[in-house]
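Here the structure comes first, spelled out in structure tokens, and everything after it is commentary.
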Amino acid sequence: PHTVFLDRYKEFMACYKDGIVSSLPEKILQRFDAACKLLNLKERESKLIKPFATFGFDLFYAGTVKSHYGAYIGIPTNYLYDNEGQIDKKNIKLQTEPIKWSSPEGELLSKSLILDEDEQIYGIAHCILMTRNHQRFLNGIYASGTIFGTYILGHFINKQMQLHSRPFFFRGVLYGILGLFGFGLWALMKDATQVYYEGAADDALGDISPEMANAGVRFYSKIMEKNIALRRITKKDNYSTEGDICYTIRMKSFPYTARKALLEEKLKTGRHTNEEPK
């Protein structure tokens, strides 16, 4: 989906109104351009990265500038809001249920959806950096490598233990164990790569200037507030009490609390190199 079927993926994630993909207002396009300038993108990269309107309240990115297919950055609906009065509260629902905006959690959600210009630029810039790394190619290598490695290992064990001459039950147990091992290894490498690159992107943005690091702190604070509000509204443990995403076993992303702490540490120590993010 991040190369050949990238456009189909983008169409699936796009925000539609009356059957037509919603367009982004000029102010959002200007902030997107500001994020590109902040990162000193090369001319080729600027042409390969395109913004579009996506549904929901979370940024989205797909593709990579390392491929000629390019990348897309999805701008969520709340980026269009300048104040709480512009929130379309009547039509925003959670699992078809209306939100009680007058409740404490409703008010917290409403406030968390409004991001100022610097906070929006930070979020967009972070997504752009995530499309400039080699994550997509590494994920492909992990998948093919674990499948091939698991197959070779299974073939070797079958031959050494002569399992083909024994009941299928023994081979079935072996295949099950190898399958779980292969999946676990793939998930570990994929998640570790995701966490590493997300942290690296925050580290690079925090090094640009104290203002950008501060914008990042505010950006993650509002994401965490949104998640806390959603946890209280839905009464489900999809998010922790601090606003991090809860995973059963895996850790598919760098925790927001850790990202915020990283940027706060930069502000305290004054570690800003003003280097161009790579």
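Numbering (UniProt numbering), first residue to last: 1 to 278. The beta carbon of each residue, even a glycine, is placed where N, CA and C say it ideally should be. All values reported here derive from a predicted model rather than from experimental measurement.
Exercise for the section: Find out if the Cβ-Cβ distance for the pair Arg132, Val65 is shorter than 8 Å. Expected result: In contact: Arg132 and Val65 (Cβ atoms closer than 8 Å).
Exercise for the section: Only counting runs of 3 or more residues, tell me where the beta strand (DSSP E) segments fall wholly within the region 74-104, in order along the chain. Expected result: Within the region 74-104, no beta strand (DSSP E) run of at least 3 residues lies entirely inside it.
Handout entry: Endpoints, beta strand (DSSP E) assigned at Phe60
Key = Note, Phe60: beta strand (DSSP E), Phe60 to Thr64.
Exercise for the section: Measuring alpha carbon to alpha carbon, tell me which of Phe12, His155 and Leu262 ends up nearest Gly56. Expected result: Closest option to Gly56, Cα to Cα, is Phe12.
Problem - Beta-carbon contacts of Tyr81 that lie in its chain and below 7 Å, excluding the five residues immediately before and after - result: Shown here for Tyr81: same chain residues with a beta carbon closer than 7 Å to its own, the five before and five after excluded, namely Ile87, Leu113 and Ile114 in chain order.
Problem - Segment limits, alpha helix (DSSP H) that includes Ile49 - result: DSSP places Ile49 in no alpha helix (DSSP H) but in the uninterrupted beta strand (DSSP E) bounded by Ile49 to Ala53.
Exercise for the section: Pull up the distance between the alpha-carbon of Gly270 and that of Leu178, whole angstroms please. Expected result: Those two C-alpha atoms are separated by around 48 Å.
Exercise for the section: Between the Cα of His68 and those of Ile141, Ser46, Ala53 and Thr248, spot the shortest distance and give me the residue it belongs to. Expected result: Of the candidates Ile141, Ser46, Ala53 and Thr248, the one whose C-alpha sits nearest the C-alpha of His68 is Ser46.
Problem - Limits of the unbroken alpha helix (DSSP H) element including His164 - result: No alpha helix (DSSP H) holds His164; DSSP gives it neither H nor E.
Handout entry: Within 8 Å, strictly: CB atoms of Tyr256 and Trp186
Key = Their beta carbons are not under 8 Å apart, which means Tyr256 does not touch Trp186 by this criterion.
Practice task
Return the CA-CA distance between Ser253 and Gln162, expressed in angstroms with no decimal places.
Solution key: The alpha-carbon of Ser253 is positioned some 42 Å away from that of Gln162.
Practice task
Tell me where the alpha helix (DSSP H) around Arg132 begins and ends.
Solution key: Taken as a continuous stretch (DSSP letters only), Arg132 belongs to no alpha helix (DSSP H), as it is neither H nor E.
Exercise for the section: Please name the residue, chosen from Thr248, Phe60, Ile121 and Thr193, that lies closest to Gln30 on a Cα-to-Cα basis. Expected result: Answer by Cα proximity: Ile121.
Exercise for the section: Return helix, strand or coil for Tyr220, following the three-state DSSP convention. Expected result: Residue state, collapsed to three classes: helix.
Problem - Pair within 8 Å by beta-carbon distance, Ile157 and Leu138 - result: Annotated as distal: Ile157 and Leu138, with beta-carbon spacing of 8 Å or more.
Exercise for the section: Can you grab the Cα-Cα spacing for the pair Ile28 / Tyr79, in whole Å? Expected result: If I take the Cα positions, the gap works out to 8 Å.
Practice task
Could you say which of Ala62, Glu105, Ser110 and Arg218 lies nearest to Gly85 if we only look at CA atoms?
Solution key: Out of Ala62, Glu105, Ser110 and Arg218, Ser110 has the C-alpha closest to the C-alpha of Gly85.
Practice task
Would you mind sorting Arg166 into buried or exposed? The rule is 16 or more other CB atoms within 10 Å of its CB.
Solution key: By the Cβ-count criterion, Arg166 is exposed, with fewer than 16 other Cβ atoms from all chains shown falling within 10 Å of its own Cβ.
Exercise for the section: Write down the C-beta distance between Tyr9 and Ala62 rounded to the nearest angstrom, noting that I regard them as a contact closer than 8 Å. Expected result: Indeed, because the Cβ distance is near 5 Å, the residues count as touching under 8 Å.
Practice task
Decide if Tyr220 is buried, meaning its Cβ has at least 16 other Cβ atoms within 10 Å, or exposed.
Solution key: The C-beta of Tyr220 has 16 or more other C-beta atoms within 10 Å across all chains shown, which makes the residue buried.
Handout entry: Euclidean distance between Cα positions of Asp191 and Arg259
Key = Just so you know, the alpha carbons of Asp191 and Arg259 end up roughly 16 Å apart.
Handout entry: Residues near Met224 by beta carbon distance below 6 Å, same chain, minus five either side
Key = Hits under 6 Å: Gly243 and Tyr256.
Practice task
Pick out whichever of Ser144, Thr77 and Phe32 has its Cα sitting closest to the Cα of Lys17.
Solution key: Among Ser144, Thr77 and Phe32, the Cα nearest to that of Lys17 belongs to Thr77.
Handout entry: Boundaries of the alpha helix (DSSP H) in which Glu242 is found, first to last residue
Key = In the DSSP assignment, Glu242 falls outside any alpha helix (DSSP H) and carries neither an H nor an E.
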